[in-house]
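In the working numbering, the protein residues as written are 18 to 240.
For glycine and all other residues, C-beta sits at the position ideal for the given N, C-alpha and C.
Following: one structure in structure tokens, then a few remarks.
This is how it looks when you write it as structure tokens:
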């Protein structure tokens, strides 16, 4: 069961405790996950900055760099939510080619097939990391059961579907008109997340839980 934490400093303290116990020759690997548009990216940005302000060599890695261009092209009998759950991110490529080598060596120069939300084909992109103490890996589905043993610490950003949709509409997700955003959340993103909840219990598995939805309870970590 995840432990509810109230402040950003609480999360920093937990990460620093992990840093003291993990062998110094490798990086700490922490996952920040939650539902689509739940605030994972914003929280991660603030968390990495807080770590860096304390002199920690921390980096954020967003799983969206490994988006699967075919994530919406459901051609099987399972339907769009199942297809999206299974194929949204090229996880095996991400872990094997970037995350694990960086974790194990603390430094890495790597070139990947990169995609953005509206990409129609991949582009080659290079990432350079040097002597990283803490990796914050951020994105959807990081707490699938198959991945849960990978992390030294995991954080679930708690947010309801209604609030997440409001945020997606406010930021004009993927440049789509509002009716298409609503349709995608109703027909793909939210049903796929419900599959994730049922199969993987990510919220229950996570080490820490951070509330990011005032409709659920007070959002205290921003203070």
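Under 8 Å between the Cβ atoms of residue i and residue j?
i: residue 191; j: residue 135; result: yes
i: residue 157; j: residue 237; result: no
i: residue 159; j: residue 224; result: no
i: residue 36; j: residue 150; result: yes
i: residue 140; j: residue 131; result: yes
i: residue 53; j: residue 187; result: no
i: residue 129; j: residue 115; result: yes
i: residue 142; j: residue 217; result: no
i: residue 148; j: residue 120; result: no
i: residue 29; j: residue 22; result: no
i: residue 173; j: residue 34; result: no
Tell me whether residue i sits in a helix, a strand or coil according to DSSP, three-state version.
i: residue 145; result: strand
i: residue 52; result: coil
i: residue 235; result: coil
i: residue 204; result: helix
i: residue 70; result: helix
i: residue 209; result: helix
i: residue 119; result: helix
i: residue 129; result: strand
i: residue 82; result: helix
i: residue 90; result: coil
i: residue 188; result: coil
Skipping 5 residues on each side, what residues in its chain have a beta carbon closer than 6 Å to that of residue i?
i: residue 65; result: 75, 77 and 153
i: residue 127; result: 115 and 144
i: residue 39; result: 45 and 169
By the 10 Å Cβ neighbour count, where 16 or more other Cβ atoms means buried, how is residue i classified, buried or exposed?
i: residue 239; result: exposed
i: residue 210; result: buried
i: residue 185; result: buried
i: residue 61; result: buried
i: residue 196; result: exposed
i: residue 90; result: exposed
i: residue 95; result: exposed
i: residue 201; result: buried
Please work out which residues of its chain come closer than 8 Å, Cβ to Cβ, to residue i, disregarding the five sequence neighbours upstream and downstream, and give them in chain order.
i: residue 175; result: 51, 55, 220, 226, 227, 228, 229, 230 and 233
i: residue 58; result: 79 and 155
Taking only runs that begin and end inside the region 133–186, name each unbroken beta strand (DSSP E) of 3 or more residues, in chain order.
140–146, 151–155 and 170–175
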